[in-house]
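Be aware that the sequence shown starts at 1, since it is given in this note's numbering, and climbs by one per residue.
Even glycine gets a Cβ: it sits at the ideal position worked out from N, Cα and C.
All of these numbers come straight from a predicted model, not from anything done at the bench.
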Amino acid sequence: MSTGPTPASPPEPAATPSVARERDDRILPYTRVVSAIIIPFLVVASVLLYVLPGRTDELFAWTIAPPLTAMLLGCAYLGGIWFFAACLRLRSWHAIGWGFPAVFVFASLLAVATFLHWDRFHFGHISFIVWVTLYVTTPVLVLVAFILNRPRDPGVPDARDYAVPRWLRGLLAAIGLAAAVTGVVLFVAPQLAIDLWAWQLTPLTARVAGAILTLPGMVNVWLLVDGRWSAFRSVVQAELISLVFIVAALLIRWDDLLWVRPSAPIFFGGIVVSLLAYAAFYAYCESRLRRVDQSAQATSAG
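Listed below in structure tokens is the structure:
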């Protein structure tokens with residue numbers, strides 16, 4: 001039995017000129033403009049939430065306590081910076097496309113949470129005005145970008161690509177689904193989460209934490225329908241960045257965790273295992289991609 005790398009699927013037959021133009025895998029200017037607009041806000045929010053988590057009462061749109069929750073939200077934004085920077089840096093839509101449904105769901109949930117807990121916000125503060133403006137407009141902007149750009153994906157692998165095995169895609173999708181289900185429970189039943197969660201939550205922060213946990217689920221589920229490593233490489237990089245900073249936040253705010261609750265060690269262990277699993281997944285796919293390159297070079301030389 002061969003143990004070599006799984007090759008990417010062969011390209012589809014050449015399309016007609018009109019179809020080729022429609023499926024040129026180009027990132028549209030609209031998508032790039034939306035990404036460029038979002039990045040500065042993510043940078044500022046990341047600094048406020050991750051570097052200054054204890055000062056949200058004076059600097060942010062609403063007071064977040066304990067600081068660990070602020071840092072968790074900051075971690076999501078740090079991953080978002082990498083993702084939207086990739087939207088500006090890369091040329092292929094399919095390389096970043098599957099991140100947009102996750103951003104849409106995340107932003108939509110935060111918009112809903114904002115209006116459900118309107119009284120918790122710092123009315124008139126510049127951070128509040130920016131927060132509301134962003135979460136009213138971002139879901140629409142991101143959804144339009146996905147709808148407009150999605151038909152550009154030709155559905156074929158890159159010339160340099162690797163087809164992720166189905167079993168591995170299923171495993172990652174299961175991990176993402178577990179995170180998404182947990183996130184939905186936190187969002188829909190925040191009071192239940194308050195009594196059981198790994199650190200102190202309010203109904204608003206429970207819903208925010210739930211929105212954050214839906215991100216990996218909304219990314220990983222697409223692995224069930226798309227096996228191209230090139231379609232997930234940049235998004236997985238963003239997830240890894242978020243996980244690294246989450247682990248660091250848990251260590252920095254160790255005392256915020258309620259260790260008397262079983263959920264505290266479970267959450268901490270789950271995040272560490274997730275980081276190791278994603279890192280191993282990334283390293284595995286990159287190594288197989290290099291082997292595909294080596295096989296192609298050997299074939300060409302022969």
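Please state whether DSSP places residue i in a helix, a strand or coil.
i: Phe60; result: coil
i: Trp199; result: strand
i: Ala76; result: helix
i: Arg89; result: helix
i: Leu275; result: helix
i: Leu258; result: coil
i: Arg228; result: strand
i: Ala65; result: coil
i: Phe121; result: strand
i: Ala159; result: coil
i: Arg23; result: coil
i: Leu52; result: coil
i: Asp293; result: helix
For the alpha helix (DSSP H) holding residue i, just list the boundary residues, first then last.
i: Ala113; result: Gly99 to Leu116
i: Trp222; result: Counting along the chain, Trp222 falls outside any alpha helix (DSSP H), and DSSP gives it neither H nor E.
i: Val247; result: Arg233 to Ile252
i: Phe128; result: Ile126 to Asn149
i: Ile38; result: Pro29 to Ser46
Assuming the contact rule is C-beta atoms closer than 8 angstroms, residue i and residue j should be a hit. Round their C-beta distance to whole Å, please.
i: His94; j: Ser230; result: 7 angstroms
i: Pro53; j: Gln200; result: With 8 angstroms as the limit, Pro53 and Gln200 do not qualify as a contact, their Cβ atoms being about 14 angstroms apart.
i: Ser92; j: Ala198; result: No, Ser92 and Ala198 are not in contact; Cβ-Cβ is about 39 angstroms, not under 8 angstroms.
i: Leu186; j: Ala206; result: 5 angstroms
Using 10 angstroms around the beta-carbon of residue i, count the other beta-carbons present and answer buried if the total reaches 16, otherwise exposed.
i: Trp167; result: exposed
i: Ala20; result: Note that Ala20 scores a pLDDT of 49, beneath 50, so its modelled location is shaky; the value from the coordinates is reported in the next line. Flag for Ala20 reads exposed.
i: Asp255; result: exposed
i: Gly210; result: buried
i: Arg160; result: exposed
i: Pro151; result: exposed
i: Ala107; result: buried
i: Trp118; result: exposed
Which complete alpha helix (DSSP H) runs does the segment 165 to 214 hold, if anything under 4 residues is left out? Qualifying alpha helix (DSSP H) stretches, in chain order: 166 to 188 and 190 to 196.
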